[in-house]
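Below: the structure, in C-alpha cells.
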Amino acid sequence: MELRKRADEIFARECAKRIDAVHGRGVAYVAEKIAKHAGIDADKAYTFGLLHDVGKEPHSGWGHIMIGYEKMMNEDLPEVARICLTHSFPVKSVLSDMRDEEFYDFVADYIEKVEYDDYDLLVQLADFMACADGVVPIEWRTCDVLLRHQATPNSQAMLRRIYELKQYFAEKCGVSDLYELFDEEFSKVNYHKIPGDYKFEKEGTK
Ligand SMILES: [Fe+2]
C-alpha cells in the first residue's frame, strides 16, 4: 500500500475520533504544502505530519512520543516512528523538560545521535502552525499552547528555533515570508476567539 493511503488508514483507526484530529490534519496540510513549494517529497511530508502525534492518549503527556514511536515501529514504519520522537525537540536541549520520564535515557540517546533532516524540521515547524481550529500562524499556536501548558525555561529557545525554521523553509520555497503561502488559510482564523479556549480543561491535544 502506498505510504499516503497507509497513513490515512492508520489515522482513521487511531486518531480520527480524538479531540486533536483537526490538529493532526492541519500539521499534515501545512507540511505537505511547504514540501510542494520546497521541492521535497509531499507524500512523506503529509504522512509524517498526519501521524506525528499518533501516540497521543488522554493524559499521556510526554509519553505520547514513546507510545507513537512504538506503535509506528510495530507498523514497520520506522521513518514515522522517528518523527514521533523528533517532532517534540526543535531544540535538542529541550530534553531537560522530561528528565523524570522512565524513557528519558532512550529518547536522550536517540535525539543526540539523530541528525535532523528536512522532514524532521518540517514537522517541527508545522506542529506550530495548526491547532484544534485548523491552520494558524505560529503566533496564534504559541498562545494556544501557552494557555494550556506552562512555559518552561526552554520555551524561548524553542520559539526562536521555530522562527529560524520558518525562515529556512521560506528560503527553500523561494518566498520572502513563508506566511505568503498561507494567506487563504489564515484569513479563516477567528481572531475574536481566545486561542485554546475550546479546551482549557481537557487533555489530549498539543
Ligand atoms: Fe502536534
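All residue numbers for the sequence shown refer to our numbering, where the first residue is 1446 and numbers rise by one.
Glycine residues also receive a C-beta, built at the ideal position from the N, C-alpha and C atoms.
Ile1479 to Phe1614, Cα distance in whole Å?
7 Å
Completely contained alpha helix (DSSP H) runs for the stretch 1557-1581, where each covers 4 or more residues
1563-1571
Under the three-state reduction of DSSP, which class applies to Lys1647: helix, strand or coil?
Because Lys1647 sits at a pLDDT of 49, beneath the cut-off of 50, its placement in the model cannot be relied upon, and the point is left open.
Member of Val1467, Ile1455, Arg1463 and Lys1489 whose CA lies at the smallest distance from the CA of Asp1562
The shortest C-alpha separation from Asp1562 is found at Lys1489.
Exposure label - Gln1569; buried when at least 16 CB within 10 Å:
Note on Gln1569: 16 or more other CB atoms within 10 angstroms of its CB, so buried under the neighbour-count rule.
Using the Cα positions of Ala1577 and Gly1641, report the straight-line distance between them to the nearest angstrom.
8 Å
Assign Tyr1608 to buried or exposed, taking buried as 16 or more other Cβ atoms, counted over all protein chains shown, within 10 Å of its Cβ.
exposed
Would you decide whether Thr1597 is buried or exposed? Buried here means 16 or more other CB atoms lie within 10 Å of its CB.
exposed
Since Pro1523 is in the alpha helix (DSSP H), which residue starts that stretch and which ends it?
Pro1523 to Thr1531
Can at least three beta-carbon pairs, one atom from the stretch 1511-1529 and one from the stretch 1492-1501, be found at a separation below 8 Å?
yes
Are Val1475 and Val1580 touching if we call contact CB-CB under 7 Å?
yes
Considering His1504, what are the terminal residues of the alpha helix (DSSP H) in which it resides?
For His1504, there is no enclosing alpha helix (DSSP H), as DSSP marks it with neither H nor E.
Does the stretch 1546-1554 come close enough to the stretch 1508-1515 that 3 or more CB-CB pairs lie under 8 Å?
yes
Excluding five sequence neighbours on each side, which residues of the same chain lie with their C-beta closer than 8 Å to the C-beta of Met1518?
So the list reads Ala1526, once near-sequence residues are dropped.
With a Cβ-Cβ cutoff of 7 Å, do Lys1516 and Gly1500 count as a contact?
yes
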